[in-house]
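Trainee: Before anything else, here's the structure in question.
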């Protein structure tokens, strides 16, 4: 039982140790699995990146193809542009040449004109001399005739005095006279022939009357004079000789003058021909200039169209590229989605692998459990068997041998050697501790080796990255230099644009100020027009009111006239019905009524006059309204013209604003480009900083590499020390093994001796001891196996170190080779960068030339536009000034007319006021008379009432008396007898009756008066009504007067406002004059600015020429550098070929002939190119010399012509010769340009 318990405990301990071991192995496997998973993920990412790189490579290839096509198109376009620019430059050169020719021709014309003037002055002088000689000749002829007459008179007198002298003297006189006559006839004939010749040569303006009076001089073939003349004829002979000498001198002078005149006329004809030829040349040059201008405009138009077409094509290409980019982006998104799906699938596969690994681990656990069960069975059977573990594997032979030896020794030595066992246990413990320490050291060494491997890999990666960064940095430095140059150029262009924009802004400010001033004037004109329209509307309303009032007054007057006619009729009817004898009161009333009627008629006439005056005023107002309307229409027209001008100005301002916007857009683009360049510069600075950091890191990495090498050396030294220690320990282990063998021999001997006695006793003890010592023995065996494993590990590490040393040596060799390759690549890269720099410089030069020429064209267009605008503005200003002056004159005339009208209106208003005052006075008098009549009417009413009551009582009394009379008559009839008393009573009664009859008549009169009074009352009522109507009319008239006064005040205010407006307009005119002066000064300043701008343009042209020269020098330098680089490259290539030739001698031997042929072909091609270039150079030199000779010959011919003109006449130059000279010059210039182009193309081909 105890043995079983011991076995169980040992098995538990073994299980625990095996579990710990298995757990450690599982942890290690998990770590390895995680490492493998990380590597798998890295590989997956690398695969994805490779796939993406491959896809992007394809896309980049497509894009590069598209870019190449676009670059080809751009090159074609640039070539076309260059050709067009060259054509433009040629046209400009032609224009300049033609201008020079025109200037030369103008100079020649000026010189010819000066020569003509000099010749004309000489001709005038010769004519004056000829006139003087003719006068002297005429004087001589007159003297000769007087002498003739004297001689004739003397001869006649002598003949009369001496008729009977000697016949010989007479004969001599006759012979002398005949000789004189013959000589005179001959001289006259000669003179006539001379004058005939002169008439054929001279102009018709010469004096012909002198020809008949001239006398010919004797010729060389004259008659011999007789010897010994008479004394009386000696004086005549002397005078004749003198006359002949004078005649000879005059004839010589005449002949000289004729010759000079012929020469001068020939010179004049030559000069005229030259003038005609020069005029023809001038006209031809003008025609060529016009054609050149037309061609220039056509070229500009074509360039503009080409630019627009190219811009459209570029925009279309950009749109196509953008669409392609969008499609590529979509394709990338699709590919990313596919990659995500693939990642998901990979994750699923990873999960499947993990599940399979778990299954494998579970199966391994099952196998482990089975092995454990088998070990239990082996322990139970007490037979040493092999423990199957998944990691540590033992050698069956060694175990069997060890267990066999132990069993033999134990069988031989049945005694317990406790001391030896203790010593062995202690030794085993020491050995275990040493082994554990060595295992820890080995683990540390493995970790250090892994770290070193990682460090080496990192260093290699860093070295590769450093190389890449160095390459990138070299490229970036080159690009940075280019960008810096571009940035400087762009900054210079930006400064130029800013200066131009500032100038344009200043001009825009000036134009905006002018526009504001014109807008203010426009608003002022509008306000004035509105005011005038309001005034016209007010005047029209007033006129309509006046018309309505006039109609009302006319209606009232007509109604009053009707009432008055009705009143007259009624009054006539009442007069007819009245009795003959009327009282004085009715007559007075009639007279008062007549007076009132007269006053009413006068008032009516006054009112008519007032109405007529008002009508006249209304008509004048209407005329004024029409005039104002006409003025309004003219002002509207002027305002329309001003508005049109303002619209034009606004349109121009809009165009300028658009130009400003375009310039701003260009500035924005330039600013954006500057920002981009700045960003690139910042990026470059950052990259430079990164490069500095990387350099520092490389230096640090190199330092670390050095330190790591030192550490590796130290580690190698430590490894050597460890190898030495391990060898010492191996020796110690060998000694221990020998001791163990000796002990085993002793144990075997003892066991052999005691095996027989204690075989049965000690079996159980041995089993127990074996069971107790089994783990120790197992650990010893395992330690022994571990030692062997350590030995194997050390050997493997040594081999790995050797391999790493070999790899490091190989890496050093590779690094050296790569450094050499890097140097060669760097040289190739430098050459490529230089070529790219050349290409970029060429492109930049072409672009800058195109820009500069486009800017020049734009500047020229702007200058022309500004000049045209200035001219139009000047014309518009002049026109506006003239219009304003005319307007001012019209306004002043209108002002004078308005002032006259205002004075007339004031006078009419004063007269109207006086008439109104009179009317008011008369109306007051009528009111007073009306009140008096009212009081009288009331008194008469009271009297009439009383009298009516008295009449009633009298009528009653009369009735009673009539009744009594009738009774009395009856009584009288009845009583015939009357007494006296009765008679007296009757008389008294008769008297009473008469008195009563008188009273009745009076009463009747009173009644008739009452009736007339009643009629008068009715008339009065009518008059009252009329008076009321008149008062109403008076009130209306007063109201009209008030309205007129108000209108007068309004008119006065308007007049004041008009005067104010006139003053304002005068001020405005003065302001406009001041503004015109300011604008004139501004125009002068602008002209000065334009001159300065032209001077700046000329300076810019000179600077451009200087820059072109610099560019040419740079090109020459670049060519020299390229030649030097080509030589260096050839040297490097030769060195490379030599190095490669050492490795490939056999291949070179076979391929030598082919290479020689190719090399000879290349050399021939290079020689052909060089010959072409030299031929081009020689042809250029020849053409230069030919041009110099042509120009020198032309100049010499000009000098000869001038000299000949100054001296003597010369044959005129034919027009064909001049034409040929011009043709030769043009052909030579075109040939030079063609050869220059050809040379540039050949140079480019040679460079390529």
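Numbering (full-length UniProt numbering), first residue to last: 1 to 1248.
Where a beta carbon is used, it is the ideal one built from N, C-alpha and C, also for glycine.
Rounded to the nearest angstrom, what separates residue 31 and residue 38 at their Cα positions?
Mentor: The alpha-carbon atoms of residue 31 and residue 38 are separated by roughly 10 Å.
Trainee: Closest to residue 78 by C-alpha separation, out of 264, 27, 846, would be which residue?
Mentor: When each option's Cα is compared against that of residue 78, the closest is 846.
Trainee: Determine the burial state of residue 946: buried for a count of at least 16 other Cβ atoms within 10 Å of its Cβ, exposed for fewer.
Mentor: Its Cβ having fewer than 16 others within 10 Å, residue 946 is exposed.
Trainee: Along the chain, which unbroken stretches of the beta strand (DSSP E) at least 3 residues long are found entirely within the stretch 23-83?
Mentor: With a minimum length of 3 residues, no continuous beta strand (DSSP E) run stays inside the stretch 23-83.
Trainee: Pick out whichever of 330, 1228, 510, 74 has its Cα sitting closest to the Cα of residue 309.
Mentor: Comparing Cα-Cα distances from residue 309 to each of 330, 1228, 510, 74, the minimum goes to 74.
Trainee: Figure out for me which residue from 939, 254, 312, 340 has the closest Cα to the Cα of residue 135.
Mentor: When only C-alpha atoms are compared, the closest one is 254.
Trainee: Below 8 Å on the Cβ atoms is my contact criterion, and I expect residue 1233 with residue 80 to pass it. Report the Cβ-Cβ distance as a whole number of Å.
Mentor: In fact, because the Cβ distance is near 18 Å, the residues do not count as touching under 8 Å.
Trainee: State the CB to CB distance for the pair residue 510 and residue 1082, rounded to an integer number of angstroms; the pair is presumed to be in contact (CB under 8 Å).
Mentor: That belief holds up - the Cβ atoms of residue 510 and residue 1082 are roughly 7 Å apart, short of 8 Å.
Trainee: Measure the beta-carbon distance from residue 264 to residue 109 and round it to whole angstroms, keeping in mind my assumption that it falls under 8 Å.
Mentor: So it is not a contact: roughly 20 Å between Cβ atoms.
Trainee: Please confirm whether residue 261 and residue 126 have their CB atoms less than 8 Å apart.
Mentor: Yes; because the gap between Cβ atoms is below 8 Å, this pair is in contact.
Trainee: Determine the burial state of residue 43: buried for a count of at least 16 other Cβ atoms within 10 Å of its Cβ, exposed for fewer.
Mentor: The residue in question, residue 43, is exposed, as its Cβ has fewer than 16 Cβ neighbours within 10 Å.
Trainee: Does residue 64 get closer than 8 Å to chain D when you measure Cβ to Cβ?
Mentor: As a matter of chain content, chain D is missing from the structure shown, which is built from one protein chain.
Trainee: My understanding is that residue 85 touches residue 853, with C-beta atoms under 8 Å, so please give their C-beta distance in whole angstroms.
Mentor: The pair is a contact, with the Cβ atoms about 6 Å apart (cut-off 8 Å).
Trainee: Would you report the Cα separation of residue 11 and residue 21, rounded to the nearest angstrom?
Mentor: Each residue's alpha carbon lies about 15 Å from the other.
Trainee: Output yes or no for whether 8 Å exceeds the beta carbon distance between residue 287 and residue 1218.
Mentor: No, these two residues do not count as a Cβ contact at 8 Å.
Trainee: Could you tell me the distance, in whole angstroms, from the CA atom of residue 1165 to the CA atom of residue 1171?
Mentor: Their backbone Cα atoms lie some 10 Å apart in a straight line.
Trainee: Using a 10 Å radius around the Cβ and a threshold of 16 neighbouring Cβ atoms, would you call residue 94 buried or exposed?
Mentor: Per the 10 Å Cβ criterion, buried.
Trainee: Look at the alpha carbon of residue 850 and the alpha carbon of residue 82, and state the distance between them as a whole number of angstroms.
Mentor: Going from the Cα of residue 850 to the Cα of residue 82 covers about 8 Å.
Trainee: Using CA coordinates, which residue listed in 269, 301, 284 is at the minimum distance from residue 115?
Mentor: Residue 269 is the option with its Cα nearest to residue 115.
Trainee: When you compare each of 132, 344, 16, 302 to residue 257 by their alpha carbons, which one comes out closest?
Mentor: Among 132, 344, 16, 302, the Cα nearest to that of residue 257 is on 132.
Trainee: Between the Cα of residue 1050 and those of 1117, 738, 935, 534, spot the shortest distance and give me the residue it belongs to.
Mentor: Of 1117, 738, 935, 534, the residue nearest in Cα terms is 534.
Trainee: Within 10 Å of its beta-carbon, does residue 105 have 16 or more other beta-carbons around it, so buried, or fewer, so exposed?
Mentor: Classification of residue 105: buried, given that the 10 Å Cβ count is 16 or more.
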